[in-house]
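S.K.:
There are 2 protein chains.
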Amino acid sequence: MAAPTRLQQDIADRILQLVRDDALTSGAWLNENQTAKRLGVSRTPVRAALDHLAEQGVVRRHLNKGIELISLPAVGDSARTPEAIELAMVKLAHERENGLLPDEVSELEVMRRYELGRPEAQKLLARLADLDMVERKPGYGWRFLHEPRDKRLRDESYRFRLVIEPMCMLEPGFHLEAAWIAEMRARHLEYLQSPWRESSSIAFYEMNAAFHEGLAAATGNRYFHSAVRRQNQLRRLSNYDWGLGFERVQVNCTEHLAMLDHLEAGENEVASALMRSHLLRASKLKLGSRQVDEAD
Amino acid sequence: MAAPTRLQQDIADRILQLVRDDALTSGAWLNENQTAKRLGVSRTPVRAALDHLAEQGVVRRHLNKGIELISLPAVGDSARTPEAIELAMVKLAHERENGLLPDEVSELEVMRRYELGRPEAQKLLARLADLDMVERKPGYGWRFLHEPRDKRLRDESYRFRLVIEPMCMLEPGFHLEAAWIAEMRARHLEYLQSPWRESSSIAFYEMNAAFHEGLAAATGNRYFHSAVRRQNQLRRLSNYDWGLGFERVQVNCTEHLAMLDHLEAGENEVASALMRSHLLRASKLKLGSRQVDEAD
DNA sequence: TAGTGTATTTCATCCTCAACTAAAACAATC
DNA sequence: GATTGTTTTAGTTGAGGATGAAATACACTA
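Chains as they are written, first to last, in our numbering: chain A, 785 to 1080; chain B, 785 to 1080.
1. Could you check what DSSP says for A:E888 in three-state terms: helix, strand or coil?
2. B:E919 to B:H930, Cα distance in whole Å?
3. Using a Cβ cut-off of 7 Å, which residues of the segment 1003 to 1027 of chain B contact any Cβ in chain A, in chain order?
4. For the alpha helix (DSSP H) holding A:L1041, just list the boundary residues, first then last.
5. Decide if the segment 989 to 996 of chain B is in contact with the segment 903 to 922 of chain B; the criterion is three or more beta carbon pairs, one per stretch, under 8 Å apart.
6. Alpha carbon to alpha carbon, how far is B:Q1015 from B:A1057?
7. Quick one: Cα of B:E974 to Cα of B:A994, how far?
8. Answer yes or no: does any C-beta atom of chain B fall closer than 8 Å to that of A:D934?
9. Please check the pair A:L900 and A:L908, which I expect to be a contact at CB under 8 Å, by giving their CB distance rounded to whole angstroms.
10. Quick one: which chain A residues come within Cβ less than 9 Å of B:V825?
11. In the DSSP assignment, find the unbroken beta strand (DSSP E) run with A:V830 in it and report its ends.
12. Would you say the beta carbon of B:E1053 is closer than 7 Å to some non-hydrogen atom of the ligand COA?
13. Classify B:W980 as helix, strand or coil using the three-state DSSP reduction.
14. Please confirm if B:D1077 has its CB atom under 8 Å from at least one CB of chain A.
15. Quick check for students: name the residue ranges of the beta strand (DSSP E) that lie wholly in the segment 940 to 979 of chain B, counting only runs of 3 or more.
16. What residues from chain A crowd round B:E940, counting only those whose CB sits closer than 7 Å?
17. Quick one: list the residues of chain B neighbouring A:I799, beta-carbon separation under 9 Å, in chain order.
18. Comparing the C-beta of B:P829 with each C-beta of chain A, is any distance below 8 Å?
19. Since I believe B:Q792 is in contact with B:H846 (beta carbons under 8 Å), could you give me their beta-carbon distance rounded to a whole number of angstroms?
20. Measuring straight from C-alpha to C-alpha, what distance separates A:D916 and A:R880?
21. Does B:M951 have its Cβ less than 8 Å from a Cβ in chain A?
22. Could you tell me whether the Cβ of B:F944 comes closer than 8 Å to any Cβ of chain A?
23. Using a Cβ cut-off of 7 Å, pull out every chain A residue sitting near B:D916, in sequence order please.
24. I'd like to check one pair, B:E904 with A:Y1007: are the Cβ atoms closer than 8 Å?
25. Note down, in chain order, each residue of its chain lying with its Cβ closer than 7 Å to the Cβ of B:R798, except the 5 sequence neighbours on either side.
26. Could you tell me the alpha carbon to alpha carbon distance between A:E1078 and A:N1036, rounded to whole angstroms?
27. Using a beta-carbon distance below 8 Å, is B:V894 in contact with chain A?
28. Taking only beta-carbon atoms, is A:A910 less than 8 Å away from chain B?
29. Is A:H878 helix, strand or coil by DSSP?
30. Compare the Cα-Cα distances from A:F944 to each of A:V1012, A:P922 and A:A820 and report the closest residue.
31. Do A:T819 and A:L802 have their CB atoms nearer than 8 Å?
32. Can you check which of these residues, A:Y898, A:D805, A:G923 and A:G811, is closest to B:H829 by C-alpha distance?
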């Protein structure tokens, strides 16, 4: 059978998610129409996704009767493959940090260097431009906007976040879902209890990003949300190769948990103050050799 | 002769700007190499631009000798043609505001409706997505993220700016160029002294945007700058067809001028407070029939 | 009738080719 | 020797076609 499309893979994952949410068990029957409607998509990709799931033995098709659920795979089994563009972006940022890239690059150079098609290279550069990392030169080519390992950049980022993030929880409409708090707390506790491995640094960064982004989203104000998301994207580029000690992880998690506690208790001013000091402390950390940036 | 390229037109304008900055007069000689270097561009487009200027009688080429300046056209003579994409964006935003566009559009529909090529339509949609105005649907097409004339959106924008902009002038590195202050002051005074015409509303908006963006740029922090610029772009879409009264223009200019005064005197805290009340006042204005948004 | 199976249409992406533009190298002239 | 004129090379953009995927409409089955 044909390889699954990005969308089909995505739909397949979301179908499994729906099945879990509805607490369906083996033997349950799925409905193409409803599924398609719930996912906001036509039946075509849903059918394709179901075909793929059938191949994996998760469901079984019965001719003209429907789809039977056979066995539900474990959560997180489908190892989301990050997009090629994402990978290339991280790689590019990394090479730039280490002085392997000149101050100016052409589109073609990006294509060759990271083995991308033209549209992909264009998207990549557009996204970097959006993050204020590069800009178009007047004629051809692109120019990096700051030096590798620019300390000023990091300071600027913290100063910006210091203005934005503590204000989030003071916004009028600020509201956190109880479920979100619970999930965040669980994820943080996991890091406190299990031993730290270098390999978990990417997942740790993502949890951090989700924490800060979630707080911004809770304002209900899309501009706060998108400003924080933008900062996260930016930091993601340089932070994927952290060298991070367990103490730092511990401090970070503890501070996050404290904020969650106060927010749950409705003490938003306290949480706001905590956020401020949290960011201040992070901004003052000395940078280790491999520590281009750190947790928050 | 071939029609001037976007870049060539741009270079031509900037050459004239350089000539003015250097206070060159008729009879002066221009140097291709230096010009190219100053503009950060190769000689090729500079030559082309000079050819176009020669056609218009601004300069004259002497074979193997150089370029002689003949007559300097008046400022603002070259009516900057905004990019086709810009125009289409404004038009699209306008139609959307007036309910002429459905909640979902396809790329092709954008191409047809605004007579754009595919790459242009893609760029347009990408930029709208960047401004959080639309998002990709899972399958095909794009979806508008908010209702036309969404009041909430406007409130959110003000709340965000209320957090960001007053903090700009309190940032450690904040520094305004004296020349910038002088120019801004002059432009504002012009609006106070000359009678208000409906036709000046676009120019008025641009002055406003330049004011706020300039203050953000003065922080030396690119994140403040880019956050404010983003807000300006967003507002530009819905604000180009203002219906604005002279009183509002007057109040707006007066407040801006007061801020400039205090900033010049080093009283940044005062200016910051003024900015806060400035934004608050603007956010509380009642919206007139055509007043989708207002000055600040 | 409510659902799946099938076909058709619309849409988007990818690719390649052609045209053109800018950059860089070289030649010619003052 | 510096500056302009010319050529060469590299890079980018735009247009059309092929491919494949999603949306839609229709047919079929329980």
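Positions of the beta carbon are idealized from the N, C-alpha and C atoms, including for glycine.
M.R.: Considering the structure as presented:
1. strand
2. 10 Å
3. N1005, R1006, Y1007, F1008, S1010 and A1011
4. F1030 to E1048
5. no
6. 20 Å
7. 15 Å
8. no
9. 7 Å
10. K921, P922 and G923
11. Counting along the chain, A:V830 falls outside any beta strand (DSSP E), though it belongs to the alpha helix (DSSP H) covering R827 to E839.
12. In the structure shown, the ligand COA is absent, as is every other ligand, since no ligand is present at all.
13. coil
14. Because the pLDDT at B:D1077 is just 46, under 50, the model does not fix this residue reliably, and the point stays unresolved.
15. none
16. N1005, R1006 and Y1007
17. Correct list: empty, because the minimum Cβ distance to chain B is about 13 Å.
18. yes
19. About 21 Å; that fails the 8 Å criterion.
20. 14 Å
21. yes
22. yes
23. R1006 and S1010
24. no
25. L823
26. Because A:E1078 sits at a pLDDT of 48, beneath the cut-off of 50, its placement in the model cannot be relied upon, and the following sentence gives the value as read from the coordinates. Each residue's Cα considered, the two are about 10 Å apart.
27. no
28. yes
29. helix
30. A:V1012
31. yes
32. The question names His, but residue 829 of chain B is Pro in the sequence shown. Answer by Cα proximity: A:G923.
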